[in-house]
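See below for the structure under consideration.
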C-alpha cells in the first residue's frame with residue numbers, strides 16, 4: 012500500500028513538475044499569489060459537500076435493502092473509496108474496496124454490491140451523457156489540434172466500451188453469471204480465499220441471485236430512492252466539474268465560459284478514467300494541461316491544476332491514510348478482546 016501511495020504521488024508530482032517546466036516557475040508562483048483565499052475555501056467546502064452527498068447516496072440505497080448502518084460509516088466508505096481509487100490502478104479502483112468495507116461492517120455482500128454498483132453506474136451514465144452533450148455544443152474550441160482530438164476520441168471510445176461492459180455486468184443477470192460464475196473466475200477466488208471451488212461457485216450463485224432480487228426490488232418498489240439517487244448524482248457531477256472552475260475564478264479568470272470549462276473537465280475525466288496508474292496519476296495532470304491551456308494562460312492552467320489536485324487528491328491521501336490506519340487499529344483491538 013505504501014509503495015502504491017508513493018508511486019501515485021511520484022507520478023502526480025512528476026507530471027506536474029514536467030508540465031511546470033513548460034511554464035516559468037516565477038509565473039506559476041505569481042499566479043498562486045493572486046489566488047483569492049475565499050474562493051479556495053469555497054472550493055474546499057464544495058468538495059466536502061460532494062463527500063456528504065455521496066455518503067447520503069450510500070445510506071439511501073442501503074435503506075432499500077433494510078440495512079441499518081450509521082451515516083458516519085457511509086461517510087467513511089465514501090472517503091476510503093476515494094482513497095483506494097487514489098492508490099490503485101485506474102480512477103475507478105475504489106469500488107471493490109467499498110464493497111469489502113461495507114461487508115466488514117455487517118452489510119451482506121449482495122446488498123453492498125447493489126449499492127456500490129448502482130452508485131457507480133448512475134455516476135458513470137450521467138457523466139457519459141453529459142460529456143457527449145456538452146461536446147456537441149461546446150467542444151469545437153477544445154479540439155484545436157490533432158493531438159488533442161486523437162487523445163479525446165481514443166479516450167472516449169475506450170471509456171465508453173468499458174462503460175458498456177460494466178453496464179451489462181451490473182444489470183444483466185445472464186452476462187454477470189457468465190463472468191462471475193465462470194470456471195476461471197471461481198478458480199481464482201478459490202485460490203485467494205483457500206476455499207473449495209464448488210463452495211465458491213455456490214456462494215457466487217446465491218449472492219448473484221440475491222443481488223438481482225435486490226436490484227429488481229429497487230426499481231419496482233423504491234422508485235423514489237432511485238429518483239433521489241439520480242438527482243444527488245447529478246448535483247455531485249456539477250460540484251465535481253465546478254471545482255476547478257471555482258479555483259480558476261480565484262485567480263481572477265472570470266471571463267472563462269462556464270459550460271466550456273465543464274465540458275473540458277468532463278471530457279478530461281472520461282479520457283483518463285481508466286489510465287492504469289494510481290488515481291490516474293500522471294495522465295490526469297497531462298490531460299488537464301492539454302485541455303485547459305486553450306481556455307486560459309499556461310501559468311494559470313498549471314496553478315489551477317495544482318490547487319485542484321491538492322484538494323481532491325493529496326488531501327484524500329492524507330485523510331484516507333489516517334482513516335484506514337484507525338480502522339485497522341480498531342480491528343486489531345477488537346480481535347484482541
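In my numbering, the protein residues as written are 12 to 348.
Idealized CB from N, CA, C, for every residue including glycine.
Exercise for review: Use the C-beta contact count for residue 259: other C-beta atoms within 10 angstroms, 16 or more gives buried, fewer gives exposed.
Suggested key: buried
Practice item. Can you check the stretch 155–215 for any alpha helix (DSSP H) of at least 4 residues that lies completely inside it and give the ranges in chain order? Key: 157–182, 184–191, 194–204
Review point. For residue 265, does the three-state DSSP call read helix, strand or coil?
Key: coil
Check your understanding: How close, in whole Å, do the beta carbons of residue 431 and residue 229 come, if the pair is a contact with beta carbons under 8 Å?
Key -> The question about residue 431 has no answer, for the chain in this structure spans 12 to 348.
Practice item. Could you spell out where the alpha helix (DSSP H) holding residue 93 opens and where it closes? Key: 82–98
Check your understanding: Straight-line CA distance for residue 56 to residue 148?
Key -> 30 Å
Practice item. With a threshold of 16 other CB atoms inside 10 Å of the CB of residue 327, please say whether the residue is buried or exposed. Key: buried
Check your understanding: Is the stretch 236–245 touching the stretch 61–79, taking contact as three or more C-beta pairs under 8 Å?
Key -> The stretch 236–245 is in contact with the stretch 61–79.
Check your understanding: Span of the alpha helix (DSSP H) holding residue 130?
Key -> Counting along the chain, the alpha helix (DSSP H) containing residue 130 begins and ends at 120–149.
Point to revise | Given residue 60 as reference, the closest of 320, 337, 244 once Cα atoms are compared | key: The candidate whose alpha carbon is nearest that of residue 60 is 244.
Check your understanding: Using the rule of at least 16 other Cβ atoms within 10 Å of the residue's Cβ for burial, across every protein chain shown, is residue 320 buried or exposed?
Key -> buried
Practice item. With DSSP as the reference, label residue 272 as helix, strand or coil. Key: helix
Practice item. Put residue 233 into one of helix, strand or coil per three-state DSSP. Key: coil
Review point. In the structure shown, what three-state DSSP assignment does residue 252 receive?
Key: The answer is helix: DSSP assigns residue 252 an H, G or I state.
Check your understanding: Leaving out five residues before and five after residue 128 in sequence, what residues of the same chain have Cβ atoms less than 6 Å from its Cβ?
Key -> The answer, listed in chain order, is 181.
Check your understanding: Mind checking whether residue 122 and residue 225 have CB atoms under 8 Å apart?
Key -> yes
Point to revise | When 44, 178, 66, 183 are compared against residue 92, the one with the closest alpha-carbon | key: 66
**Study point:** Length of the line joining the Cα atoms of residue 333 and residue 46
**Key:** 29 Å
Practice item. Please work out which residues of its chain come closer than 6 Å, Cβ to Cβ, to residue 211, disregarding the five sequence neighbours upstream and downstream, and give them in chain order. Key: Taken in chain order, the residues that qualify are 197, 200, 201.
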